[in-house]
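Below is one structure; the comments refer to it alone.
Number of protein chains: 2
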Amino acid sequence: MSQLGNGPGPNNTPPPLPDGGLRVVALGGIGEVGRNMTVFEYEGRLLIVDCGVLFPEDAQPGVDLILPDFRAIESRLDEVEAIVLTHGHEDHIGAVPFLLRMRPDLPVYGSRFTLALLAAKCKEHRQRPTLVEVKEGERRGLGAFEVEFFAVNHSIPDALAVAIRTPAGLVLHTGDIKLDQLPLDGRLTDLAGFSRLGDEGVDLLCVDSTNAEVPGFVTPEREIGPVLDDVIATVSQRVIVACFASHVHRVQQVLDAAVKHGKRVAFVGRSMVRNMNIAAELGLLTIPEGLLIDLDEAVNLPETKVLFVSTGSQGEPLSALSRMARGEHRQISIKAGDTVVLASSLIPGNENAVFGVINGLVRLGANVVHQGNAKVHVSGHASAGELLFLYNAIRPSNVMPVHGEWRHLRANAELAVRTGVAEENVVLAEDGVVVDLVDGKATTTGRVEVGYVYVDGLSVGDVGESTLSDRLVLGEGGFIAINVVVDSATGRAVSPPTVSGRGFSDDPKALDAAVALVEMELSRTEAEGITDTHRIAQAVRRVVGRWVAETYRRRPMIVPTVIPV
Amino acid sequence: MSQLGNGPGPNNTPPPLPDGGLRVVALGGIGEVGRNMTVFEYEGRLLIVDCGVLFPEDAQPGVDLILPDFRAIESRLDEVEAIVLTHGHEDHIGAVPFLLRMRPDLPVYGSRFTLALLAAKCKEHRQRPTLVEVKEGERRGLGAFEVEFFAVNHSIPDALAVAIRTPAGLVLHTGDIKLDQLPLDGRLTDLAGFSRLGDEGVDLLCVDSTNAEVPGFVTPEREIGPVLDDVIATVSQRVIVACFASHVHRVQQVLDAAVKHGKRVAFVGRSMVRNMNIAAELGLLTIPEGLLIDLDEAVNLPETKVLFVSTGSQGEPLSALSRMARGEHRQISIKAGDTVVLASSLIPGNENAVFGVINGLVRLGANVVHQGNAKVHVSGHASAGELLFLYNAIRPSNVMPVHGEWRHLRANAELAVRTGVAEENVVLAEDGVVVDLVDGKATTTGRVEVGYVYVDGLSVGDVGESTLSDRLVLGEGGFIAINVVVDSATGRAVSPPTVSGRGFSDDPKALDAAVALVEMELSRTEAEGITDTHRIAQAVRRVVGRWVAETYRRRPMIVPTVIPV
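Protein chains in written order, with this note's numbering: chain R, 1 to 565; chain F, 1001 to 1565.
Shown next as structure tokens:
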């Protein structure tokens, strides 16, 4: 029977994994874009591929990060052989320190650049993890699992796909992938290697779904360089290029253009400075002697002699670029005729912030060059045409789309079917859905609970749905506090009650009329001999809540406090 | 001198308008998309074109609507000759009732459909405005202004452009406009009329900027019909089409397809039902006898015999479509194989909500057809190619881009210049910037204050920036309330202090450690003889604030209440 279009999957507790079977469960990254983490289980042993974070949306106010839900493996951490990382983006490595807190000796496998970024992150967490560097072409035995690494092309250097061999079969996990046939560093996605795996027989393909809805092919990264070069060649004033702080190849193209047009370069933004240092140390970024200067020096050079490479391309409100757009940057004041290039994608959900920055810059007179009006960015994820190449090279028996929202997963599944994968062998398994590969056939057999785990400030997990739902109420309507001091023996108010609001109204008299209502209600509760502070609190909450709804038609949180003395 | 790229414009109070000059000020709609309202002044008399609302964004939590800022004309309402409406969208008519509250007898001019929508709105406000119906081709003397109306094509029937003649010159305001050359109702944008105005000499053109960044031409509306027809022809289960409740022509195409494929139709959503009734009554929508059924009846018909036309295409959380996507709709449960068509644009800022709905529907197994994967929507605003036709037909002496964010205004200005309008005659004037047309030349001469006016529930204007900034803080971090009762004579705490949070943590013990700190601080203030409740409150706020920042690295609002007894 087809497993496509069957809704969100089973809800039962998964049955025991049959002997010789392989179990796959995503604890994040399927049904959402971010916090990628896939757990493989064979004969009681576990292998983790990636462990990233998700950035919060409007429904998760005030939260810094969202982690994969580790509960399903929390009691089994001793059975984990290793974490294998496909590449160094936050949504693939960002949650590693949180997992290491629970098992510090867990070995982490990854490529050189990936591990360098992870090491910098772990240092901030004061951790010294066991890092094992691997390269494309290598095979490693990781306990019950034999793992082989393949070069893949993505928007960060040194990305890997991971093939996992057990007696249950051969699984290939692509990680994030595209098939740029003219990559800047010459490091192609290893389609030949994948074809060889296909000859051997791939039992399950876990494949990046991000751009499955997009027809055709991603433009080669190489075509961005000349566009950037043209822009930089023609500017007659200051130029600022914003891009992702991990997109080393994009930065290289900007540096090359700067050199060609006689400009020196300053990096702006902590993560840009840090990552480009790492990339340069590892030989992934070539910075000619004398090209780089620091920001303080740069702002004193003639405008035409310097180029700024900045973070902030997603409209992050505290970034240097946002501050420039608001005219609040300490060192750089945008003026008419300046040029700002956003050499970056627009991550869904950031539209308002990014357009806010663009509008702010345009308002100050800058020319803003971005994806919408020039070819200054291409995606790092395979479009539909490339995915077809992958399917046809790998010829998998079973397919499990990963890395994407439901609309992406479904589109990817349809591509698989069009290349000849049997519909009943394509599993749409969101986070927590258990996929068992038994006798060469993948099926969803149950579900483990996967919730959101929030990091807010220093703590993990103490902010949950109840706190977030309070924040949503407070953020929409503020609150009204009612304070009452009563005689504990008689329930009589011993001082006048106060009614005050925050986030409710700018009008200082807005709540004046409520005080009399509270006083009347307190007379009533006293007359009825009510001394229980909880009951008194409920009574005043009720009258004030009703009054506010009728008078203002709003729903602030009503917070009564009744103190007995 | 060029007025392009000169930043946001002057900040001075505008000088008196010279005799014989015409003044133009937008109180909304320029530098933003929404709340369009332009005020024209000649010899002490005022004319208002449009009076719409803006829908709030993340930075304006809890607010229902944002109005244009009427302050600049509040004391001069007696000098207003009339409001002229270009069309019936909310961002052009939604604020009329709020202006009428201040001057109920102000006459409102507009086309038949526009006024019908306004009348329905005013009825909800219990207003009986003076409505004067006008048609394309008509000329009217409105006091000091002679006004002529022109048919324009947009995503709502019966839209008008407005030419305003005074001795100061001829101004043409396009309203929202596109140049569909094969419009469904045969009602073309009157380019011939605009050409005639051009012959006469247009001194100032106020022109829609929404799609100025988009190259080329908007696909004719007529090409949507066959796509919708194809989708509806091939579905074998339930089909739901969501679109804007004012897009009568789009709904007509859906109805036509329903008739052709033997389906009856139910409207879902209050505004859809209301607007389509109005459109049918005015002969703008043709509903064959017996086609419409109500929702209760529709859900009992065989699935293939009914088509639902629904609101909710922007992912509004309370809409019927959102409830279906969450599996919470009372009457319609989406199941695998159902089809949902979003025949609508994706308004910037709504991406998360819309993709949330799409993912929810896909997760339940529905096939979702939308702008991203099929040609089921076209914009109602002229792309760059069409704007060039407008400029070349009208040949204006001066141009003032309207209806758009800064990036749109700038793009539109550049188009004007490319058609030969002198750069110094293109004015980029955001809300509040005063443009004076004197001796045939438009210049920005000053600025009046234009802020956001918020409607929240029943009140207008009592929610301002201070309340919103409190809401943002509360929404991000919740609050911690500290309650202390002190002896008013000694400043001594007469009951144990309480420290409690909302929106701060799910952990009931999260704040336990703060109580002791408050007690210590109260001992200190008492020892120092401090009895002033305000000072005591500040002291406990300080210690708790510092403790929370250090312990949690969060910034909740700290709300101390010190009650003297």
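Every residue gets a Cβ at the ideal spot worked out from N, C-alpha and C, and that includes glycine. All values derive from a computational prediction rather than experimental measurement.
Runs of beta strand (DSSP E) with 3 or more residues, each lying fully within the region 1307 to 1346 of chain F, are found at 1339 to 1342, listed in chain order. The way I'd put it, the region 115 to 125 of chain R doesn't touch the region 141 to 148 of chain R; fewer than three beta-carbon pairs between them come closer than 8 angstroms.
DSSP places Leu-85 (chain R) in the coil class of the three-state scheme, outside both helix and strand.
Apart from the 5 residues on each side of it in sequence, Gln-1331 (chain F) sits with its Cβ closer than 8 angstroms to the Cβ of Leu-1295, Asp-1296 and Val-1299 in its chain, given in chain order.
Here Val-39 (chain R) carries a strand assignment [DSSP, helix/strand/coil]. Between Pro-157 (chain R) and Asp-185 (chain R), the gap from beta carbon to beta carbon is short of 9 angstroms.
In this structure Thr-1210 (chain F) is buried. Its beta-carbon is surrounded by 16 or more other beta-carbon atoms within 10 angstroms.
Residue state for Val-63 (chain R) is assigned as coil, using DSSP reduced to three classes. Taking C-beta separations shorter than 6 angstroms and ignoring five residues to either side along the sequence, the partners of Asn-11 (chain R) in its chain run Arg-447, following chain order.
Annotation for Ala-1442 (chain F): Leu-1204, Asn-1398, Val-1427 and Val-1435 place their beta carbon closer than 6 angstroms to its own, counting only its chain and skipping 5 residues before and after. Take Asn-350 (chain R), set aside five residues on each side of it, and the residues of its chain with a beta-carbon closer than 7 angstroms to its own are Gln-314 and Gly-315, in chain order. A residue is called buried when at least 16 other Cβ atoms come within 10 angstroms of its Cβ; Asp-91 (chain R) meets this threshold and is buried. When secondary structure is reduced to three states using DSSP, Arg-1222 (chain F) falls in the helix class. With a threshold of 9 angstroms between beta carbons, Asn-392 (chain R) makes no contact with chain F. When the alpha-carbon of Gly-1432 (chain F) is set against those of F:Val-1455, F:Arg-1035 and F:Ala-1266, the nearest one is in F:Arg-1035. Taking a 10 Å sphere around the C-beta of Thr-1490 (chain F), we find fewer than 16 other C-beta atoms and assign the residue as exposed.
Contact annotation for Asn-1153 (chain F) against chain R: no contact, minimum CB-CB distance about 25 angstroms [criterion: below 7 angstroms]. Sequence-distant partners of Ile-1563 (chain F) (beyond 5 residues in either direction) whose C-beta falls short of 8 angstroms from its own C-beta, in its chain, are Asn-1483, Val-1484, Val-1485, Val-1486 and Thr-1533. Counting only unbroken stretches of 4 or more residues, the alpha helix (DSSP H) elements lying wholly within the region 191 to 243 of chain R are 191 to 200 and 224 to 234, in sequence order.
When DSSP states are grouped into helix, strand and coil, Asn-350 (chain R) belongs to the coil group. In the three-state reduction of the DSSP assignment, Tyr-452 (chain R) falls in the coil class, being assigned neither a helical nor a strand state. At the C-beta level, Ala-1257 (chain F) and Leu-1307 (chain F) come within 9 angstroms of one another. The region 1251 to 1271 of chain F makes no contact with the region 1388 to 1398 of chain F, as fewer than three CB pairs between them are under 8 angstroms. In the structure shown, Ser-1466 (chain F) adopts helical secondary structure according to DSSP, grouped into three states. Taking a Cβ-Cβ cut-off of 7 angstroms, Pro-1302 (chain F) has no neighbours in chain R, whose nearest Cβ is about 21 angstroms from it.
Each of F:Arg-1524, F:Phe-1504, F:Ser-1469 and F:Ser-1488 was checked against the Cα of Ile-1480 (chain F), and the nearest Cα belongs to F:Phe-1504. Going by beta carbons, Val-1378 (chain F) and Glu-1221 (chain F) fall inside the 9 angstroms limit. Under the three-state reduction of DSSP, Ala-1163 (chain F) is assigned to strand. His-173 (chain R): not part of any alpha helix (DSSP H); member of the beta strand (DSSP E) spanning 169 to 173, first to last residue. Within the region 259 to 300 of chain R, complete beta strand (DSSP E) segments of at least 3 residues are found at 264 to 268, given in chain order. According to the DSSP secondary-structure assignment, Lys-1375 (chain F) is paired through a beta bridge with no residue.
For Met-1557 (chain F), the nearest beta carbon of chain R is closer than 9 angstroms to its own beta carbon. In this chain, Leu-184 (chain R) is not harboured by any beta strand (DSSP E), its DSSP state being neither H nor E. For Glu-148 (chain R), the pairing in a beta bridge is given by DSSP as R:Arg-139 and R:Ala-163. For Thr-551 (chain R), the closest Cβ of chain F is nearer than 9 angstroms. Within a 10 Å sphere around the beta-carbon of Gly-1021 (chain F) sit 16 or more other beta-carbons, which makes this residue buried.
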